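Okay, so here's the structure we're looking at.
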Amino acid sequence: MSLALGLVIIPLLAALLMLLWPRLARGLQLAAALLCTILATMLLQLVQQEGSQQLFIGGWNPLLAIRWQADSVTALLLLLSAVLHLLVSGYALAVQQRDKLAAAFWPLSSLLLASLQALWLSRDLFNLYVCLELLGMVAVALVTLSGDKAMRPALHYLLFSLFASLCYLLGVALLYGAYGALDLPLLQGQLQANSLTAAALVLITLGLMLKAAWWPLHLWLPAAHAAAPAPVSALLSALVVKGPLFILVLVWTTLAPAAFLNVAAYAFLVCALGALLLAGVAALRTPYSKTLVAYSTVAQLGYAMLALALMLSFNLPVFTAALWLFVMAHALAKAACFLSIGEMQQTLGVKKVAQLKGASQTMPLAMFAFAVAGGSLIGLPPSGGFLAKWVMLLGLWQAQQYFLLLVLLVATLVSAAYIFRVVVLAFDRAEPTAPDFSPQLLPQWLALLPALAVWAMAFFSMPLLAILQQELS
Amino acid sequence: MMYLAVAILLSMLLGMWRVIKGPTLLDRLLTIQLFGSAGVAICLILAKALSMPALLDVALLLAVLAAAIPAALVQRLRRQI
Amino acid sequence: MGLLLFDLVLATVVLLLAGTAIFSRNLTHAVMLFMAFGVMMALAWARLAAPDLALAEAAIGAGLTGALCFTALVRQPAALDSKVATSLLPICFVALITAALLFSVWQIPVSPNPALSHEVSVALPQSGVAHPVTAVLLNFRSWDTLLELLVLLLALLGAQQAQSSLTLYAGWSLSLSWSRLLSPLIILLTGYLLWRGAAAPGGAFQAGALLASGLVVLRLNQQLTWLSWQNPWVRLAALSGLLVFVLTGLFSLLWSSSRLWLEWPTAYAGAVILGIESFATLAIAVTLTLLVVGEPTEERADA
Amino acid sequence: MSWLDGLSWFLLLLGLVFFIAGSLGLLRFPDQFSRLHAVTKADTLGLGLVVLGLSIQSSWRETLLMLLIWLLVMCSGAVSCQLLARFSRDAADAEPLISHQEPGQTANSTSPASAPVTKRAE
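These protein sequences, in sequence, are chains G, H, L and A. If you want the numbering used here, it's the 1-based position in the first sequence plus 25. If you want the numbering used here, it's the 1-based position in the second sequence plus 27. If you want the numbering used here, it's the 1-based position in the third sequence plus 38. If you want the numbering used here, it's the 1-based position in the fourth sequence plus 12.
Structure, rendered in structure tokens:
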């Protein structure tokens, strides 16, 4: 577990040092990101060899202490956030001069990494609340880096986030009052199917849905994510909304009494369908390119909801694998999308989708990154998105849910529509005159890296599935 | 003993009307002052009635804050004349 | 009987204050009512025999929040009337949650699960302190406390992005000497609360908030002009709580016998906790002060 | 001991009377400065009587602490009375930004500090 500890403490200490000596910020950022990636890889190997690891902080017994647990899903998520942090930091380092990125970006993004890693590791309801709160505060602070125009969305984000935390905390307080424990493995199987548990679970779920921007409660997300600087949007969309999702999955798979599972599955299913179809249509209709990508996050989260609903109602291991594959593929693809769109926006100085006409000639690399990441979002082979969708289709076939198969098909078409809306415009050879600017190559390559990573996921499908299956057995 | 606390509480409630009615900022700041000193009194009575000496510390803290906060507020609210 | 009457009146007053604060059309009234609400909440915690919470609520709710709200208020344009939300949807949502809470609160067992409090009392002698709240906060669940310190720091970092400059005016000589007279008392009381924390209600957070209120008063009277985020020593003070916490944790990881994160050896636990709490108090005080006072760029020395 | 208890209760009730008097004064007095007196003086005296009443029933340590609290409240009542009155006097000369009069009366604020703010309000 000292590896896991390092994963949390290194970015935390790095952030503190950055605040003390702002001059060292960039070097510290890169060093911490590299070190975390290496540690996360080592941890994944360790977990694969020796099974899941546990730590009771302070060495007290489980009733008193906070439990950390690194199973294979956690190890994968730790690696994912470390890798994404590294990639986004690289991009931010490349563009910080041009984009006038605020100096506070470095410590804040490092703290974001630390709080995410702490969240993945924690198995304690109250500690998870603290991590959520931390995540929300960092995210809001990061959104405000855009200056005055971001204040309003950031404030909305803050208020929604606080309200959501409060709902979650109330739910946890009810559970604590009734069962007298906060440790998830200790509570497992203890909950009775009475109205107290129901109220607590409803509060917890509402709070987490609000934080994760699940469909009917997503209203704060598009404005906040679109207002932030490009590296921040990439981190927020790729990682921050996944934190509450992780807790939601933990709560419903380990805590909830069996009698509630069916109702919850139906509720999640309705939300998933709404997200996949309606948020997809919203992405299709919005005139701004960054808002399009932000709405696409809401829509893509629908797949995760669908996978969770299916997990709860069918108890097939395929759906668990599909859920985490979606999370990883979406994180990488969305980071690439935001970085490439941000790069185009910064270089070309345009905000609307319609103005991207002919962008494939002026900024071919960035457009290529967007197209590859978009392909993964749609689910075109070979990509991580395709892998996730394929696993899910297999599961649906196994469970004989032909109606949902159809829905998945329609959702794919919707996402294809909004991705192709951008791509087709960009490949339109409308203006033959070359514009008078020279796009920088390095940031475009760096924006391409996550897209290549999501591509590479398809080639590592076997080991990935093996890791996720290990968790289930 | 608790009836005494209730009576002081009700007298605070009476004073609260000034916050709403005003008419000047001073009247409203006065209500804060009233809440400070009456709050200290209630805290002292509670400490006796519940026999919890720890509440005396709370009263002490309230008293110190009642001393410090008006000075801060007035300074913050001052305007260039 | 008297106790019941007191509870009823207190609950009514708290609800009344909350309602009028929310529905007040004038922001200044709302802030005043909110400060009064803070005093009442402190009394409510005192009545519920939770002096730790009463101390925290008194320091934060009745003290600093008011200064913070007024700082925000003086930046507002004149005669600003807030619109009272008339939208039905949030009200329905809140009503639903309240109903669910009321419905489920009846089912919470009256006497809480005895296992946990028994566990706490068994482990208390090894924790290094005699007050269970402090033992939970700084030993059993110290990781939560560390992260909470980080949340406070982040609040400051976020607020810094939004801050615009505010003019500070020189105080009258009366308020200046009053704040100077008050400051040794506040420092003394801070130390008292911190020291008491090991055995009785009190601790880093309450002490830090109290110290912060003293610093705020001095700062608003144009004293302590060095107190700004630009000053590296101030930054060090604001980060000291976290730094000491993490470094102590690493130290215990490397040199203690069992090599566990955030495990204090029983023999030194009391000293370690007091050390961490002292630095945490300093950090909380500086952070809260910077949060309330901000970074005034312009100062005027008129009387 | 009963006469001590009686004395204690007498003092406590007397304190209550002063608290109520302070509140009534805050409600009924005609202008703000007399209201200021009502609160800062009557309440301080009320607190003092309550402290005296309680200390008859308490140990010497608690009594000391309560007397300290009273001393503090007494000092702070005197000082903040002064501060608030000065603040109000100055604010009456120049209309404060946070206005509690009719909105039309704020127009005479011509100072450089408040000018940009009023412009924003329009």
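Yeah, the Cβ is synthetic: ideal placement off N, Cα and C, and Gly gets one too. Here the structure is a predicted model, which is why all the values come from computation and not from measurement.
- Cross-strand partners of G:Trp93 (DSSP beta bridge): G:Leu80, G:Ser147
- Mind pulling the chain H residues with CB within less than 7 Å of A:Leu59? Ser64, Val67, Ala68
- Quick one: what does DSSP say G:Tyr313 is sitting in, helix, strand or coil? strand
- From this set, G:Phe363, G:Ser321, G:Leu273, G:Thr316, which residue's C-alpha is nearest G:Ala334's C-alpha? G:Leu273
- If we count the other Cβ atoms within 10 Å of its Cβ and call it buried at 16 or more, is A:Ser71 buried or exposed? exposed
- Query: Does the beta-carbon distance from L:Ala237 to G:Leu89 come in below 8 Å?
  - Reply: no
- Message: So, with DSSP's three-state summary, where would you put G:Lys174?
- Response: helix
- Below 7 Å CB to CB, which residues in the same chain sit around L:Leu248 once its five sequence neighbours on both sides are set aside? Ala97, Ile224, Leu227, Thr228, Leu231
- Query: Listed in chain order, which residues of the segment 29-48 of chain H have Cβ atoms closer than 8 Å to some Cβ of chain A?
  - Reply: Leu31, Ala34, Ile35, Ser38, Met39, Leu41, Gly42, Trp44, Arg45
- Message: I need the DSSP call for G:Asn287, collapsed to helix, strand or coil.
- Response: helix
- Task: Could you tell me which of G:Ser440, G:Val266, G:Leu280, G:Pro178 sits nearest to G:Val227, measuring between CA atoms?
- Result: G:Leu280
- L:Tyr306 lies in the alpha helix (DSSP H); which residues open and close that run? Looking at the DSSP string, L:Tyr306 is not in any alpha helix (DSSP H), and its letter there is neither H nor E.
- Beta carbon of L:Leu41 nearer than 8 Å to that of H:Met79: no
- Item | Beta carbon of G:Tyr443 nearer than 8 Å to that of G:Lys376 | no
- Item | Bridge-paired residues (DSSP) for G:Lys377 | G:Tyr313
- What's the C-alpha gap between G:Asp124 and H:Pro97? 45 Å
- Give the residues from the segment 74-93 of chain L that approach chain H closer than 7 Å (Cβ to any Cβ), ordered along the chain. Ala74, Val77, Ala80, Leu81, Ala84, Arg85, Ala87, Pro89, Ala92, Leu93
- Should A:Trp7 be labelled buried (16 or more other beta-carbon atoms within 10 Å of its own) or exposed? This structure gives no information on residue 7 of chain A, because the portion of chain A shown stretches from 13 to 134.
- Ends of the alpha helix (DSSP H) at A:Gln44? 44-49
- Counting only beta-carbon atoms, is G:Val276 nearer than 8 Å to chain L? no
- Message: Suppose you measure from the CA of G:Gly196 to the CA of G:Met234; what does that come to, to the nearest Å?
- Response: 13 Å
- Message: Short of 6 Å in beta carbon distance, which residues of its chain neighbour A:Gln113, apart from the five on each side in sequence? Order them along the chain.
- Response: Confidence is the limiting factor: at A:Gln113 the pLDDT is only 41, short of 50, which leaves the residue's position unreliable, though a coordinate-based value still follows. None.
- Task: Could you tell me the distance, in whole angstroms, from the CA atom of H:Val33 to the CA atom of L:Asp45?
- Result: 9 Å
- Task: Flag this pair as touching only if the segment 36-53 of chain H and the segment 19-36 of chain A have three or more C-beta atom pairs under 8 Å; answer yes or no.
- Result: yes
- Task: Could you tell me the distance, in whole angstroms, from the CA atom of G:Thr222 to the CA atom of L:Trp83?
- Result: 27 Å
- From G:Leu373 to G:Ser97, what distance separates their C-alpha atoms? 43 Å
- So, are the CB atoms of L:Val254 and L:Val330 less than 8 Å apart? yes
- Message: Quick check: the segment 71-90 of chain G against the segment 105-125 of chain G, are at least 3 beta-carbon pairs closer than 8 Å?
- Response: no
- Task: Name, please, each residue of chain H whose Cβ falls closer than 8 Å to the Cβ of A:Ile68.
- Result: In chain order: nothing, as chain H lies at least about 11 Å away.
- Closest residue to H:Val101 among A:Cys87, A:Ser100, A:Val85 (Cα-Cα distance): A:Ser100
- Task: Can you pull the chain A residues whose beta carbon is under 7 Å from the beta carbon of L:Ser213, in chain order?
- Result: Leu95
- Task: Identify, in the order they occur along the chain, each residue of the same chain with its Cβ nearer than 6 Å to the Cβ of G:Val266, setting aside the five sequence neighbours on each side.
- Result: Ala237, Ala238
- Item | C-beta atoms of G:Ala107 and G:Leu32 nearer than 8 Å | yes
- Roughly how many angstroms separate the alpha carbons of H:Asp54 and H:Leu92, rounded to a whole number? 19 Å
- Query: Is L:Asn64 helix, strand or coil when you go by DSSP?
  - Reply: strand
- Task: Would you grab the beta carbon distance between L:Leu320 and L:Ala250 for me? Rounded to a whole angstrom, and I think it's under 8 Å.
- Result: Not a contact, Cβ separation roughly 10 Å.
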